[in-house]
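Per UniProt numbering: the sequence shown ends with 247, consecutive numbering throughout.
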Amino acid sequence: MTREEQLIAIVSQHKKIEVNELAEQLNVSKVTIRKDLDKLESRGILHRQHGYALINNEDDINYRLAKNYDLKKKIAKKAAETVQDGDTVMIESGSTCALLAEELAFQKTDVTIITNSCFISSYVRKSETVKVILLGGEYQKESQVCVGPLVKLMASNFYVDKLFIGIDGFDRERGFTGSDVSRCVTTRELSESAEQTIILTDSSKFTNRGIITEFSFQDIAKVYTDGNINPEDRSFLSGKGIEIITV
């Protein structure tokens with residue numbers, strides 16, 4: 001785990017922690033910690049306040065990005081291996097999806113990302129090689145994503161090989177679940193423009209039960225997650241014909 005990943009993990013655990021304590025725990029100078037925090041703050045992952053480092057609002061996508069950051073980064077890197085220079089992919093809003101977009105924008109060449117996530121479009125804005133097509137619609141402030149019929153209308157003009165999505169939960173009876181009706185409906189509509197729908201999620205989501213069914217098992221081609229997934233859940237999903245890739 002890099003120092004940046006360690007820093008995010010510590011702040012995520014404490015929610016609010018003194019900069020001096022961070023320097024002690026990571027065994028580096030206060031100047032180094034402040035530089036690290038400046039970089040993370042500029043990316044919207046953490047923010048600073050009177051000598052403290054803080055995690056953002058738990059409903060905010062920046063908070064979700066910081067939670068289990070190291071695992072999500074590994075999952076994103078693994079998923080990025082399936083995308084080649086010059087490819088066009090669709091990426092729905094979500095923290096691990098944002099890290100995938102970052103990986104594609106800065107480690108690949110001439111990739112086009114079609115997304116309904118304003119956060120993702122901003123997150124990769126400094127890349128000189130990525131092309132972003134932003135699907136507009138009704139704007140949700142906390143998740144920084146567009147939803148609704150306008151997104152469907154625009155997405156219907158495209159067809160891609162891969163759509164990458166996140167999930168909020170999992171249920172063996174209902175399938176993959178979400179917590180927001182509008183987002184779930186919009187994501188299902190995006191999937192109509194893709195050959196494969198691929199889930200990126202850390203294993204903690206498999207212990208959650210979202211309130212809305214988002215996708216049935218037959219709708220999903222692959223799941224990228226971490227090795228902490230329950231073996232029974234992995235076996236269950238494999239039995240449904242879903243390829244499971246772990247990091």
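Note that the Cβ used here is the ideal one computed from N, Cα and C, for glycine as well.
Supposed contact pair residue j and residue i - C-beta distance, whole angstroms, cut 8 Å
i: Val11; j: Leu65; result: Going by Cβ atoms, the distance from Val11 to Leu65 rounds to 12 Å, so no, they are not a contact pair.
i: Phe176; j: Phe170; result: 6 Å
i: Lys73; j: Leu99; result: 5 Å
Cβ shell of residue i (< 6 Å), same chain only, five flanking positions each side left out
i: Gly54; result: Position check: residue 54 holds Leu in this sequence, whereas Gly was assumed. The residues are Lys16 and His47.
i: Lys152; result: Glu189
i: Ile167; result: Phe176, Ile199, Thr201 and Lys205
i: Lys240; result: Phe217
i: Phe215; result: Gly175 and Phe176
i: Met154; result: Leu135
i: Ile33; result: Val19, Leu22 and Ala23
i: Thr186; result: Val147 and Val151
Residues bridged to residue i (per DSSP)
i: Arg48; result: Ala53
i: Tyr224; result: Leu200 and Ile245
i: Lys126; result: Beta-bridge pairing links Lys126 to no other residue.
i: Met90; result: Ile114 and Leu163
i: Phe215; result: Phe176
i: Ile8; result: Per DSSP, none; premise fails for Ile8.
i: Glu18; result: Tyr52
Beta-carbon proximity list for residue i, same chain, < 8 Å, skipping 5 on both sides
i: Ile8; result: Leu40, Ile45, Leu46, Ala66, Tyr69 and Asp70
i: Ile102; result: What sits at residue 102 in the sequence shown is Glu, not Ile. These residues qualify, in order along the chain: Ala76, Tyr123 and Val124.
i: Pro149; result: Gly137
i: Ala80; result: Leu100, Glu103, Leu104, Gln107 and Lys108
i: Ala221; result: Gln196, Thr197, Ile198, Ile242 and Glu243
i: Ser238; result: Ile244
i: Ile120; result: Ile91, Ser93, Cys97, Ala98, Ala101, Ile113 and Val132
i: Gln140; result: Cys146, Val147, Asp180, Ser182 and Arg183
i: Met1; result: Ala9 and Asp70
Cβ shell of residue i (< 7 Å), same chain only, five flanking positions each side left out
i: Val130; result: Leu104, Ala105, Val111, Ile113 and Val124
i: Phe206; result: Phe170, Ile229, Asn230 and Asp233
i: Ser127; result: Ala105 and Phe106
i: Glu18; result: Gly51 and Tyr52
i: Tyr159; result: Ser193
i: Leu6; result: Before going further, note that residue 6 is Gln rather than Leu in the sequence given. Excluding sequence neighbours, Gln6 sits near Leu26.
i: Val83; result: Val89, Leu104, Lys108 and Val111
Below 8 Å, can you find three or more Cβ-Cβ pairs linking the region 168-185 to the region 202-217? yes
At least three beta-carbon pairs within less than 8 Å, the region 223-235 to the region 186-204: yes
With contact counted as at least three CB pairs below 8 Å, one residue from each stretch, are the region 189-199 and the region 80-93 in contact? Note that the region 189-199 touches the region 80-93; at least 3 beta-carbon pairs, one per stretch, sit closer than 8 Å.
Are the region 134-154 and the region 108-120 touching, with three or more C-beta to C-beta distances below 8 Å? yes
Length at least 3, wholly inside the region 131-195: the beta strand (DSSP E) runs in chain order: The region 131-195 contains, as complete beta strand (DSSP E) runs of 3+ residues, the segments 131-134, 138-140, 145-147, 160-165, 169-171 and 175-178 (chain order).
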